[in-house]
Each structure stands twice: as C-alpha cells, then as structure tokens.
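Participant:
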Amino acid sequence: MCFVEWVNYLQNELLFGHDDPVFPKPESAVGDNGFRVAGLSRDFYSNASKLRDVIKGAFFFAGFTPFGPHSLRSTLTRWADKHYTSREAFKVFSDKFKVIARCGERYALVRDSKI
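The opening position of the sequence shown corresponds to residue -12 in this note's numbering, with each subsequent residue numbered one higher.
1. Using the three-state DSSP reduction, which class does R65 fall into: helix, strand or coil?
2. Could you tell me the boundaries of the alpha helix (DSSP H) in which A45 lies?
3. Whose C-beta lies closer than 6 Å to the C-beta of H70 among residues of the same chain, with five residues either side of it excluded?
4. Closer than 7 Å by C-beta to G26: which residues in its own chain qualify, once you throw out the five before and the five after it? Chain order, please.
5. Using the C-alpha atoms, what's the distance from A76 back to F10?
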C-alpha cells in the first residue's frame, strides 16, 4: 500500500500527471550549508542506477532480499489481476499506473480455463 500512497501523494499533492515520473529526481537549491533538496523535479533520471541503489538499500535495511528491477511492475500487475476481476476494472487501474498496461500481457497471463 505504501507505493499506492506515494503515487496518490504525487498526483494529489504535487499534481503530477501520468507522463511524470513515479520516482522523480530531487530538486536542488543552495542553502546555508551548501546544496539541499528543495523538492521534487518532474525530470526523469537519465538511467535507473540511482533508483536501483535506493530500492536495494531500502530492502536491505528492512531485512528483505533485494528484488530485480522489474519486480515492482510484476507485483503490481499480479495484484491488480487478482483484485480487479473484470478487464474494465483492470483497465481503470492500469490507466493510473501506465506501466502495468505495458506489461500486463507479459505478467497477467489468462489461464486457458478462462478463455
């Protein structure tokens, strides 16, 4: 639920849209003691290495084994597929998290018994 709360914060408090990053770069400013974080930028990181380091560190400090970079996408897709039983509801959810719409075919496979 923490991830959903983060996305809600970005959308409702900072007014980020669907084309803005889910993990934005920090915005820097000069403070009394040098540079400081002044907020969040709408700019994307040029690559995912910093984000991977942060996520890996968070898992480590929480006592969990770090997961691969696509695990969050896979987890969200599987969660949505389990909780949203109609494709319409899944679509509404995936519109909020466009990354799910892109990978739904890969991770949310439909069992033969459902076809």
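Note that beta-carbon positions come from the ideal geometry of N, C-alpha and C, so glycine has one too.
Facilitator: Looking at the coordinates:
1. Your numbering for residue 65 matches position 78 in the sequence shown. Of the three classes helix, strand and coil, the one that applies to R65 here is helix, per DSSP.
2. On the sequence shown, residue 45 is found 58 positions in, with the first residue counted as 1. For A45, the uninterrupted alpha helix (DSSP H) run begins and ends at S36 to F48, by DSSP.
3. Here the question's residue 70 lines up with position 83 in the sequence shown. Nothing meets the Cβ criterion.
4. For the purposes of this step, residue 26 is identified with residue 39 of the sequence shown, where counting begins at 1. Closer than 7 Å at the Cβ level, and outside the excluded window around G26, lie E14.
5. If you number the sequence shown from 1, residue 10 lands on position 23. If you number the sequence shown from 1, residue 76 lands on position 89. In this structure, the alpha-carbon of F10 lies about 25 Å from that of A76.
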